[in-house]
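Below: one structure, written as structure tokens.
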Amino acid sequence: LEKLSGERNRWDTMMATLKGEQHALAGASLLSAGFVTYLADEQEAVRATIISEWVTMMTVAGLMDKGGSKTRDSMTTGGFSMLNFLSSEGELLSWKAQGLPADKLSSE
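Offset between the sequence shown (1-based) and this note's numbering: plus 49.
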């Protein structure tokens, strides 16, 4: 039974992470919808600035955790990653295998 104590700690950590992600689901959905609708054709610097402002507003409104979720290095502003929220590593690898450039902008 003592051998499973490490697993228990890992499960507890995973559960806390999932609860935080569940809490931020509405805010992340709203940010992703706004990104796709309003920011898809904007320059990267403009995207980052506006997403940062939106994340601040979502945090104040209680729709996102102050710490945010720790995610992939794409569009991570205030802990939010649009790319991580709307896609998976498998999808990104598939896109690259089909010829999509590996840069962040192409993936977004």
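Think of the CB as a built atom: it goes at the ideal place given N, C-alpha and C, for glycine as much as any other residue.
Would you tell me roughly how many angstroms separate the C-alpha atoms of residue i and residue j, rounded to the nearest one?
i    : j    : result
I99  : Q92  : 11 Å
K145 : K153 : 11 Å
L149 : E51  : 48 Å
Hey, is residue i close to the ligand ZN, as in C-beta under 8 Å from one of its heavy atoms?
i   : result
E70 : This structure does not include the ligand ZN; it has no bound ligands of any sort.
Please name the residue in the options whose C-alpha comes closest to that of residue i.
i    : options          : result
F129 : L74, K52 and G55 : L74
Exercise for review: Evaluate contact between the region 101 to 111 and the region 133 to 141, counting only Cβ atoms and requiring at least three cross-stretch pairs below 8 Å.
Suggested key: no
**Study point:** Every unbroken alpha helix (DSSP H) within the region 71 to 101, with a cutoff of 4 residues, ordered by chain
**Key:** 74 to 83
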